[in-house]
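S.K.: Before I ask anything, here is the structure I am working with.
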Amino acid sequence: EPEVTQTPSHQVTQMGQEVILRCVPISNHLYFYWYRQILGQKVEFLVSFYNNEISEKSEIFDDQFSVERPDGSNFTLKIRSTKLEDSAMYFCASEAGFGSSEQFFGPGTRLTVL
Amino acid sequence: AQKVTQAQTEISVVEKEDVTLDCVYETRDTTYYLFWYKQPPSGELVFLIRRNSFDEQNEISGRYSWNFQKSTSSFNFTITASQVVDSAVYFCALRPNSGGSNYKLTFGKGTLLTVNP
Numbered sequence: 001e002p003e004v005t006q007t008p009s010h011q012v013t014q015m016g017q018e019v020i021l022r023c024v025p026i027s028n029h030l031y032f033y034w035y036r037q038i039l040g041q042k043v044e045f046l047v048s049f050y051n052n053e054i055s056e057k058s059e060i061f062d063d064q065f066s067v068e069r070p071d072g073s074n075f076t077l078k079i080r081s082t083k084l085e086d087s088a089m090y091f092c093a094s095e096a097g098f099g100s101s102e103q104f105f106g107p108g109t110r111l112t113v114l
Numbered sequence: 001a002q003k004v005t006q007a008q009t010e011i012s013v014v015e016k017e018d019v020t021l022d023c024v025y026e027t028r029d030t031t032y033y034l035f036w037y038k039q040p041p042s043g044e045l046v047f048l049i050r051r052n053s054f055d056e057q058n059e060i061s062g063r064y065s066w067n068f069q070k071s072t073s074s075f076n077f078t079i080t081a082s083q084v085v086d087s088a089v090y091f092c093a094l095r096p097n098s099g100g101s102n103y104k105l106t107f108g109k110g111t112l113l114t115v116n117p
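Chains as they are written, first to last, in the numbering used here: chain A, 1 to 114; chain B, 1 to 117.
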């Protein structure tokens with residue numbers, strides 16, 4: 001069964017460093033999402049991506065964040081200068097298309113900023 | 001604006017007890033989907049069920065059942081004869097189905113269920 005994959009599973013970085021979180025969505029899916037979950041809290045929407053552009057972003061998704069689908073398979077989330085409060089689990093999700101109604105989640109990347 | 005409220009932060013039961021997790025939602029969309037996800041200690045999000053706002057029939061899947069009541073904007077989840085493996089955080093989520101290019105999920109804060117042997 002096709003699945004969404006994410007790498008790395010755990011990333012440790014120093015404050016101020018750039019990180020790139022990678023996701024491989026299910027092939028032929030058209031909608032892509034990043035969500036964040038700070039430890040012990042709810043899952044929060046960060047950004048959605050469709051047709052090679054951002055379709056919506058939350059207030060969390062400020063100028064330090066960017067997303068890209070560089071090669072038609074990977075979907076990346078970049079944080080330019082990490083802060084301590086960026087420590088969280090980051091989930092990627094993909095969805096087949098309009099009316100499909102289900103987002104398939106990856107296993108998550110745990111980001112720890114020291 | 002959409003909102004999902006899971007008023008129960010933590011529930012603790014003894015194995016074989018039945019337990020109901022509450023979910024109340026708010027939305028201005030006329031059509032929408034509701035979801036339940038399970039998050040075990042390993043951290044991944046496990047999809048449990050999707051319910052279309054048109055379909056108010058209750059659903060049963062093994063020990064799991066769901067009660068969708070549009071009149072009270074609730075989508076409650078019951079586990080019958082709970083087991084230790086059911087221990088997890090359970091999230092209720094809502095997303096619109098009104099067209100456009102964004103179908104973001106809005107999650108509740110989750111309910112931590114602990115099933116003790």
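By construction, the Cβ of each residue, glycine as well, lies at the ideal position given by its N, Cα and C atoms. Predicted model, so just to flag it, every value in this text is computed and none were measured.
How would you list, in chain order, the residues of chain A whose beta-carbon sits under 8 Å from the beta-carbon of F91(B)?
M.R.: K42 and V43
S.K.: Does any CB atom of chain A fall closer than 8 Å to the CB of K104(B)?
M.R.: It does: the Cβ of K104(B) has a partner Cβ on chain A nearer than 8 Å.
S.K.: Below 7 Å CB to CB, which residues in the same chain sit around S42(B) once its five sequence neighbours on both sides are set aside?
M.R.: none
S.K.: Are the CB atoms of M89(A) and Q37(A) nearer to each other than 8 Å?
M.R.: When the beta-carbon positions are compared, M89(A) and Q37(A) come within less than 8 Å of each other.
S.K.: Does the separation of the CB atoms of Y33(B) and K3(B) fall below 8 Å?
M.R.: The beta carbons of Y33(B) and K3(B) sit no closer together than 8 Å.
S.K.: So, is the C-beta of P107(A) closer than 8 Å to a C-beta in chain B?
M.R.: yes
S.K.: Sorted by chain position, which residues of the same chain lie with C-beta nearer than 6 Å to E56(A)'s C-beta, five sequence neighbours on each side aside?
M.R.: Result list for E56(A): S48, in chain order.
S.K.: In chain order, what residues of the same chain lie with their CB nearer than 6 Å to the CB of A96(A), ignoring the 5 residues before and after it?
M.R.: H29
S.K.: Can you find a C-beta in chain B that's less than 8 Å from the C-beta of S48(A)?
M.R.: Taking 8 Å as the CB threshold, S48(A) lines the interface with chain B.
S.K.: Counting C-beta neighbours from all protein chains within 10 Å, is the total for D71(A) 16 or more, i.e. buried, or is it exposed?
M.R.: Classification for D71(A): exposed.
S.K.: Using 8 Å for Cβ pairs, my map puts L113(B) next to S87(B). What's the rounded Cβ distance?
M.R.: 6 Å
S.K.: From the DSSP output, which residues share a beta bridge with Q11(A)?
M.R.: L111(A)
S.K.: Across the segment 6-24 of chain A and the segment 70-80 of chain B, are there enough close Cβ pairs to call them in contact, namely three or more that are closer than 8 Å?
M.R.: no
S.K.: Who are the Cβ neighbours of C23(B) in its own chain at under 8 Å, not counting the five residues just before and after it?
M.R.: V4, T5, Q6, L34, W36, S74, F75, N76, F77, C92 and G108
S.K.: Using the beta-carbon count (16 or more within 10 Å), is Q14(A) buried or exposed?
M.R.: Its Cβ having fewer than 16 others within 10 Å, Q14(A) is exposed.
S.K.: Whose C-alpha, out of Q57(B), Q8(B) and V13(B), is nearest the C-alpha of Q69(B)?
M.R.: If we check each option's Cα against that of Q69(B), Q57(B) comes out closest.
S.K.: Is the shortest distance between the beta-carbon of E26(B) and the beta-carbons of chain C less than 8 Å?
M.R.: Given the protein chain composition of this structure (A and B), no chain C is represented.
S.K.: Is the shortest distance between the beta-carbon of K70(B) and the beta-carbons of chain A less than 8 Å?
M.R.: no
S.K.: With H, G and I counted as helix, E and B as strand and the rest as coil, what does DSSP make of K70(B)?
M.R.: helix
S.K.: Check E59(B) in the structure and name its three-state DSSP category.
M.R.: strand
S.K.: At a Cβ threshold of 8 Å, is L21(B) touching chain A?
M.R.: It does not: the Cβ of L21(B) has no partner Cβ on chain A nearer than 8 Å.
S.K.: Determine the contact status of T9(B) and T111(B), defining contact as a CB-CB distance below 8 Å.
M.R.: yes
S.K.: Near F61(A), which residues of its chain fall below 7 Å by C-beta distance, leaving aside the five closest residues on each side in sequence?
M.R.: L46 and V47
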